[in-house]
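For the sequence shown, the numbering used here begins at 136 and goes up steadily by one.
Even glycine gets a Cβ: it sits at the ideal position worked out from N, Cα and C.
Keep in mind that this is a model prediction, so the values were computed, not measured.
Report on one structure; see the data block that follows.
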Amino acid sequence: MRLHLRRTIQNGEPVRLTGSVPIERSIEGRTDVISASPLEADLTAAPSLDGTVEVRGTLSGHLDMVCSRCLEPAHVELRIPFEERFKQREEGEEELEDDEDMLLVTEDTFELSPYLEEHVTLGVPNAPLCKEDCKGLCQTCGTNLNETACGCDNTVIDPRLAGLKDFFK
Ligand SMILES: [Zn+2]
Ligand SMILES: [Zn+2]
């Protein structure tokens, strides 16, 4: 998905950008992803009078992951907001540092995908859940506590007090 930065600024009109965002790089090395498909980007590039273009919208899709608590499949809906401002660096213009909220681009048109992929990487949950209140697995017997209760005593004891527990035996 390319952004025609110069043309957008010259036209002075917002442009709608849609397309798919590859997800491969964003899930590279992750063992908790079962399957993934590209995300859909729905963005608007709006030029402003100061020569910047603000791109904002949503990247949406879904992932099949492994629940971090019970290890069952977890269907994860992704709706990742995207918002960045781009400015074209004029030739001969002083080398400006990338502003915290503005990205400088040298070309008239450039590929947006790397910026989109970066947001996708941040939007993939670190600890996906099959459902918000997933009870997880029993630490003692491994039973999936969403399905059955096992009756194990999993009272968490502060390691500093563990000695005391033995004392009372
Ligand atoms: Zn779960
Ligand atoms: Zn148990």
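With fewer than 16 neighbouring CB atoms inside 10 Å of its own CB, C287 falls in the exposed class.
The three-state secondary structure of I158, taken from DSSP, is coil. Counting along the chain, G196 sits inside the beta strand (DSSP E) bounded by residues T187 to V201. With contacts defined by Cβ atoms closer than 8 Å, P149 and A176 do not form a contacting pair.
In the three-state reduction of the DSSP assignment, E282 falls in the coil class.
Near ligand 2, meaning a Cβ closer than 6 Å to any of its heavy atoms, lie the following residues in chain order: C273, T275, C276, T278, C285 and C287. Going by DSSP, L264 is part of no beta strand (DSSP E) at all; its letter is neither H nor E. Cβ contact annotation for R160 (same chain, cutoff 8 Å, sequence separation greater than five): E252 and T256, in chain order.
Under DSSP, L138 forms a beta bridge with F245. Beta-bridge analysis with DSSP links S183 to no other residue. When DSSP reads this structure, H254 sits in no beta bridge, so it has no partner. Our two residues, V240 and K222, have alpha carbons roughly 6 Å apart in a direct line. Where V168 is concerned, the enclosing beta strand (DSSP E) starts and stops at V168 to A171. In this structure, K270 and N281 form a Cβ contact; the two beta carbons are roughly 5 Å apart against a cut-off of 8 Å. Non-local beta-carbon contacts of L272 in its own chain, meaning distances under 8 Å to residues more than five positions away in sequence, involve R204, C205, L206, T278, N279 and L280 in chain order.
Counting the other Cβ atoms within 10 Å of the Cβ of V259 gives 16 or more, which makes it buried. Scanning T187, P173 and H210 for the CA closest to the CA of Q145 turns up T187. DSSP places R214 in the uninterrupted beta strand (DSSP E) bounded by P208 to Q223.
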